[in-house]
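All remarks here apply to the structure that follows.
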Amino acid sequence: MANIKITLHEEDVKKLNDVCNSFGNKPGEVINVLHAAQGIFGYLPAEVQEIIAANLHIPVAKVYGIVSFYSFFTMKPKGKHPISVCLGTACYVRGSEKILEELKKQLNIEVGGTTADGKFSLSCLRCVGACGLAPVMIIGDQTYGRVSPGMVKDILAKYQD
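Residue numbers (this note's numbering): 56 to 216.
Quick look at the structure:
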């Protein structure tokens, strides 16, 4: 795949520079800066990592290593409504894989993908700590429990804005 450069909005770059400054441009604050940067941009493309590396006076490779190591960070843009399906033991036993398959079918994307319109992205989690509600899926900050494949279409319809 060819590397495609993205253009960052000037006001977002200013916010990122302000974040780096607020942490004193200290290399030891890289994780805090990355969290804030992901809050600003929604993800951490190479261009954002380069700005952080320059501000904190560390190699881009170190920033990339941190971003690629921690699952919280993402280098791919997420959809406006990120969806996560729990595949922990309780959810899996109660059919979460069928929910996942229905989501893939309804959205026409694979796990890790984002719909063409940018509305939804799909991921899996190991456990959300809501085993009593299994199977569970999360859209944004809303948790849906005891989900069946037949409920998926109606749940997604709530997010068609």
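Glycine included, every Cβ here is placed at the ideal spot set by N, Cα and C.
The structure displayed is predicted, hence computed values, not measured ones.
Discussion item. Rounding to the nearest angstrom, what Cα-Cα distance links valine 74 and threonine 198 in this structure?
Written reply: Between the alpha carbons of valine 74 and threonine 198 lies a gap of roughly 31 Å.
Worksheet item: Counting pairs of Cβ atoms below 8 Å between the region 178–188 and the region 128–143, do you hit three or more?
Response: Taking one beta carbon from each stretch, the region 178–188 and the region 128–143 have 3 or more pairs nearer than 8 Å; the two touch.
Worksheet item: In terms of residues, what are the limits of the alpha helix (DSSP H) holding isoleucine 107?
Response: First-last of the alpha helix (DSSP H) with isoleucine 107: 101–111.
Fill in: Opposing strand residues paired with isoleucine 194 [DSSP bridges]
Isoleucine 194 pairs with Ile138 and Gln197.
Worksheet entry | Between the CA atoms of phenylalanine 127 and isoleucine 107 - distance to the nearest angstrom | Straight-line Cα distance between these residues: approximately 17 Å.
Worksheet entry | N- and C-terminal bounds of the alpha helix (DSSP H) containing cysteine 146 | Residues 144–148.
Item to complete: Can you have a look at glycine 143 and say buried or exposed, based on whether 16 or more other CB atoms are within 10 angstroms of its CB?
Response: Glycine 143 sits buried, since 16 or more C-beta atoms from the chains shown fall within 10 Å of its C-beta.
Discussion item. Which same chain residues end up closer than 6 Å to serine 203 when comparing Cβ atoms and leaving out the 5 residues on each side of it in sequence?
Written reply: Answer for serine 203: no residue qualifies.
Worksheet entry | Beta-bridge partners of phenylalanine 175, as assigned by DSSP | According to DSSP, which records beta bridges pairwise, phenylalanine 175 is partnered with His136.
Fill in: Opposing strand residues paired with threonine 169 [DSSP bridges]
According to DSSP, threonine 169 bridges with Ser176.
Worksheet item: Below 7 Å between beta carbons: does that hold for asparagine 87 and asparagine 110?
Response: Not in contact: asparagine 87 and asparagine 110 (Cβ atoms no closer than 7 Å).
Worksheet entry | Closest by C-alpha distance to valine 85, when choosing among Glu152, Leu188 and Ile113 | Here the closest residue by C-alpha is Ile113.
Discussion item. Using a 10 Å radius around the Cβ and a threshold of 16 neighbouring Cβ atoms, would you call glutamine 104 buried or exposed?
Written reply: By the C-beta density criterion, glutamine 104 is buried, having at least 16 other C-beta atoms within 10 angstroms.
Worksheet item: Does the Cβ-Cβ distance between valine 140 and isoleucine 121 come in under 7 Å?
Response: Going by beta carbons, valine 140 and isoleucine 121 fall outside the 7 Å limit.
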